[in-house]
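Mapped onto the working numbering, the consecutive letters of the sequence shown carry residue numbers 17 to 267.
Where a beta carbon is used, it is the ideal one built from N, C-alpha and C, also for glycine.
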Amino acid sequence: MTNHVQPDNEQSFFSHLVELRDRLLKMVLCVLLVFVGTASYANEIYAFLADPLLQHMPKNSSMIAIDVASPFFTPFKLAFVVAVFASIPFILYQFWGFVAPGLYRHEKMMVAPLLLASTVLFYGGAAFAYFLVFPLVFSYLTAAAPAGVAVMTDIATYLDFVLAMFFAFGLAFEIPVLTIVLVWTGIISPESLAEKRPYVIVGVFVVAMFLTPPDALSQTLLAVPMWLLFESGLLFSRLITRRDRAAENDG
């Protein structure tokens, strides 16, 4: 009788699966623990989120709940989304802990700052939308209502709208990271990106047209930051390229 010896690569594969499972469980547990805390303040969080609209609604007007269960489920839905947003640093930390052992030293020196930058930029995009874009957009939209039309937004519809805006601006603010990754991986060069600047400018306005409400103000408020973020990503890409070329020459 011969003993069957499991190959090392198969053992390694299953050990990686176990590690991935453990890290995914930690991510889910983190979100649930944060959700327990945010759920206790679900109504207060929703009031904070609704403030940019309420500030510009007509006098004696208010938000409404069309569905019977909306007053209960909508704030809890928001509390869960906030829990996910707040857990992003821990989620990225678990992701980094899983992939880092398989990276080379120079890859670790690039990936870690990119993960940190992508997190900060996503939060920055959401903050930009809440503190700058929402007041301007809601002021415009409420003032544009025809005479005799009462502005009374459904709370669930409003939540879906602002979450879509947060997601759109959060992703838009990732443009510098995307630009750096494209150059770092050799897919495109900074010089080639610079030559495509006119197409990028047109492209960001087209993307903004699809991601924002159908008004020129909100589209511009998204398109212009996207273009400026592209320029910043292009600048950092050139600096990284010069550093790498200098390192190769020294070597």
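In the structure shown, D170 adopts extended strand secondary structure according to DSSP, grouped into three states.
Relative to the Cα of T257, the nearest Cα in the group V218, G202 and L41 belongs to G202. For L227, the CB contacts under 6 Å within the same chain, skipping 5 residues up- and downstream, are A184 in chain order. By the criterion of a C-beta distance shorter than 8 Å, S205 is surrounded in its chain by V199 and T257, once the five residues flanking it on both sides are discounted.
Rounded to the nearest whole angstrom, the CA to CA distance from A133 to E247 is 16 Å.
If you look at H122, you'll find it in the alpha helix (DSSP H) that goes R121 to F144. Annotation for G249: I191, P192, V193, L194, T195 and I196 place their beta carbon closer than 8 Å to its own, counting only its chain and skipping 5 residues before and after. Your pair A239 and A224 checks out as a contact, with CB atoms roughly 4 Å apart and the cut at 8 Å. When DSSP states are grouped into helix, strand and coil, I80 belongs to the strand group. Membership of V165 in any alpha helix (DSSP H) is not indicated, and neither H nor E is assigned to it by DSSP. If one requires a minimum length of 4 residues, the alpha helix (DSSP H) runs lying completely within the region 189 to 239 are 191 to 200, 206 to 211 and 213 to 227, in chain order. Leaving aside the five residues that flank F221 on each side, the residues in its chain whose CB is nearer than 6 Å to its CB run, in chain order, A239.
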